[in-house]
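**Q** Taking numbering that gives the first Met the number 0, the leading residue of the sequence shown gets 0, the next gets one more, and so forth.
Glycine included, every Cβ here is placed at the ideal spot set by N, Cα and C.
Small disclaimer: the values here were computed from a predicted structure and weren't measured.
Mind looking over this structure? Questions follow.
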Amino acid sequence: MPTLTSPLDMRFRPVRLIRSLFMIVLILFVFLNLHVLMNFEPNNSDAYDRTLLYKLRHRNNLKAHVQTDRSQLQDSDGPENSSKVEVLILPNQYNQTFVSRHNIPEHNLTQIKLEIDRRNAEQYVHNLQKYGLSLGPESVVIVVQVHDRANYLKILLDSLRKVKGIEKTLLIFSHDVFSEQLNSIVETIDFCPVMQIFFPVSAQLHPKEFPGEHPNDCPRNVKKDQALKIKCNNANHPDKYGHYREAKYCQTKHHWFWKLFHVFDQLTVMKNYTGLVLLLEEDYYVAPDVITILQMMNHLKKKDCKDCRMLTAGNYDKTQSYSINSGKEFCNFDDYNWDWTLQHLKYEVYPR
Numbered sequence: 000m001p002t003l004t005s006p007l008d009m010r011f012r013p014v015r016l017i018r019s020l021f022m023i024v025l026i027l028f029v030f031l032n033l034h035v036l037m038n039f040e041p042n043n044s045d046a047y048d049r050t051l052l053y054k055l056r057h058r059n060n061l062k063a064h065v066q067t068d069r070s071q072l073q074d075s076d077g078p079e080n081s082s083k084v085e086v087l088i089l090p091n092q093y094n095q096t097f098v099s100r101h102n103i104p105e106h107n108l109t110q111i112k113l114e115i116d117r118r119n120a121e122q123y124v125h126n127l128q129k130y131g132l133s134l135g136p137e138s139v140v141i142v143v144q145v146h147d148r149a150n151y152l153k154i155l156l157d158s159l160r161k162v163k164g165i166e167k168t169l170l171i172f173s174h175d176v177f178s179e180q181l182n183s184i185v186e187t188i189d190f191c192p193v194m195q196i197f198f199p200v201s202a203q204l205h206p207k208e209f210p211g212e213h214p215n216d217c218p219r220n221v222k223k224d225q226a227l228k229i230k231c232n233n234a235n236h237p238d239k240y241g242h243y244r245e246a247k248y249c250q251t252k253h254h255w256f257w258k259l260f261h262v263f264d265q266l267t268v269m270k271n272y273t274g275l276v277l278l279l280e281e282d283y284y285v286a287p288d289v290i291t292i293l294q295m296m297n298h299l300k301k302k303d304c305k306d307c308r309m310l311t312a313g314n315y316d317k318t319q320s321y322s323i324n325s326g327k328e329f330c331n332f333d334d335y336n337w338d339w340t341l342q343h344l345k346y347e348v349y350p351r
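Structure below.
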């Protein structure tokens with residue numbers, strides 16, 4: 000027997016309608032929050048107050064471009080900025096193609112000079128697509144000075160690959176020899192962001208003039224009186240051991256000085272960086288905890304040794320910054336390398 004619906008059952012029920020609308024609004028609210036959580040970047044809003052989005056260039060634009068999320072860049076000085084990101088490049092946000100010109104003849108110095116100038120201007124960072132780059136006051140940037148010892152460089156890279164947290168660093172190689180072999184080794188690095196810079200005033204590019212060996216340079220071991228007789232270059236100025244300049248050794252100090260200037264003052268990605276810089280050379284070997292130990296030392300320095308200017312990770316003093324005001328003292332100290340010069344500056348210029 001069919002069921003009859005009474006007019007009472009057909010009447011409008013506002014309570015049921017309100018309940019249905021409430022459920023619809025609740026469901027929309029949940030979906031909206033899920034969407035926000037899935038698309039919101041994990042960094043807090045304060046971190047973005049000073050975030051640099053180092054937006055890398057199109058292929059045809061060699062000038063590095065820095066962009067902030069604000070209308071203008073804020074100063075990095077002051078304790079209020081101590082925990083903020085200074086450089087940020089997100090993974091998968093970089094689509095520039097690196098152009099590596101191989102097979103440049105070693106005797107073609109003009110072409111090598113053009114390639115060095117191009118790479119120094121481009122400031123290309125490898126592996127950004129994979130790792131991105133996030134640098135702040137607690138970060139460590141590693142700068143390696145490289146000459147021509149490929150086998151030593153491979154050993155150093157093997158040790159760096161095992162360093163805890165290496166993927167969060169920027170690894171910069173500074174070369175004073177443009178070599179296809181060395182470039183190929185660096186281009187195989189896949190464990191962190193990498194950049195190459197090239198010393199433009201090298202002996203390689205100036206083989207018969209300063210800073211290379213001029214034909215009239217004084218022989219290393221010639222006596223001063225004999226040097227004055229033959230009127231060779233710099234005859235009046237042997238070093239404190241009575242020896243004359245050897246280009247292949249003096250270049251090390253020139254390169255070291257240029258490297259610091261270029262990293263701190265010329266690289267766009269380092270413009271507002273205030274963290275640690277670890278200086279290495281191609282024949283070094285590092286422990287897997289080198290970054291962790293440096294960060295611990297830096298925290299201790301801030302707490303118990305606020306006047307400390309250097310942190311030493313090995314047998315030689317390494318500096319994380321260089322005062323241009325000491326340039327004359329640095330250059331005039333009688334040392335073909337940079338390490339004993341730093342030792343001199345430490346006690347004579349910065350005795351604290």
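With a floor of 4 residues, list each alpha helix (DSSP H) that falls wholly inside the stretch 87-149, ordered by position along the chain.
**A** Complete alpha helix (DSSP H) runs here, min 4: 108-121, 127-130.
**Q** The ligand ADP and residue 132: does the residue's C-beta get closer than 6 Å to at least one heavy atom of that ligand?
**A** Summarising the ligand content, the structure contains no ligands, and the ligand ADP is consequently not present.
**Q** Using CA atoms only, rank isn't needed, just tell me which of 85, 187, 133 is closest to residue 271.
**A** Here the closest residue by C-alpha is 85.
**Q** Let me know the secondary structure DSSP gives residue 177 once reduced to three states.
**A** Three-state result, residue 177: coil.
**Q** Which of helix, strand or coil does DSSP assign to residue 195?
**A** Residue 195 falls in the strand class under three-state DSSP.
**Q** With distances taken between CB atoms, is the gap from residue 290 to residue 139 smaller than 7 Å?
**A** Cβ distance < 7 Å, so residue 290 and residue 139 count as in contact.
**Q** Nearest to residue 168 by CA position, among 87, 97, 28, is which residue?
**A** Of 87, 97, 28, the residue nearest in Cα terms is 87.
**Q** Is the stretch 134-152 touching the stretch 169-182, taking contact as three or more C-beta pairs under 8 Å?
**A** Taking 8 Å as the limit for Cβ pairs, the verdict is that the stretch 169-182 does touch the stretch 134-152.
**Q** Along the chain, where does the beta strand (DSSP E) containing residue 279 start, and where does it finish?
**A** Segment 275-280, the beta strand (DSSP E) holding residue 279.
**Q** Could you check how far apart the C-beta atoms of residue 171 and residue 142 are, in whole angstroms? I think they sit under 8 Å.
**A** The Cβ separation is near 5 Å, so the contact holds.
**Q** Between residue 31 and residue 112, what straight-line distance do the alpha-carbon atoms span, to the nearest angstrom?
**A** One C-alpha to the other measures close to 56 Å.
**Q** CB-CB under 7 Å to residue 217, same chain, minus the five flanking residues each way: which ones, in chain order?
**A** Answer for residue 217: 226, 231, 232, 233, 234, 243, listed in chain order.
**Q** Going by DSSP, which residues form a beta bridge with residue 368?
**A** Only positions 0 to 351 of the chain appear in the structure, and residue 368 is not among them; the question remains open.
**Q** Roughly how many whole angstroms lie between the Cα atoms of residue 189 and residue 279?
**A** Spanning the two alpha carbons is a distance of roughly 19 Å.
**Q** From residue 65 to residue 125, what does the alpha carbon distance come to, in whole angstroms?
**A** A caution first: residue 65 carries a pLDDT of 39, below 50, which makes its placement in the model unreliable, though a value can still be read off. Spanning the two alpha carbons is a distance of roughly 17 Å.
**Q** Using DSSP with H/G/I as helix, E/B as strand and the rest coil, what is residue 190?
**A** If DSSP states are grouped into helix, strand and coil, residue 190 belongs with coil.
**Q** Rounded to a whole number of angstroms, what is the C-alpha to C-alpha distance between residue 184 and residue 237?
**A** Answer to the nearest angstrom: the Cα atoms are 38 Å apart.
**Q** Based on the DSSP secondary-structure assignment, which residues constitute the bridge partners of residue 299?
**A** None, per the DSSP bridge assignment.
**Q** Going by DSSP in three states, residue 204 sits in which element: helix, strand or coil?
**A** Residue 204: coil per DSSP, three-state reduction.
**Q** In the DSSP assignment, find the alpha helix (DSSP H) that holds residue 310 and state where it starts and stops.
**A** Looking at the DSSP string, residue 310 is not in any alpha helix (DSSP H), and its letter there is neither H nor E.
**Q** Excluding sequence positions up to five away, which residues of its chain have a Cβ less than 8 Å from the Cβ of residue 194?
**A** 122, 123, 124, 125, 169, 170, 171, 172, 266, 268, listed in sequence order.
**Q** Could you tell me the alpha carbon to alpha carbon distance between residue 145 and residue 303, rounded to whole angstroms?
**A** Roughly 34 Å separates the two Cα atoms.
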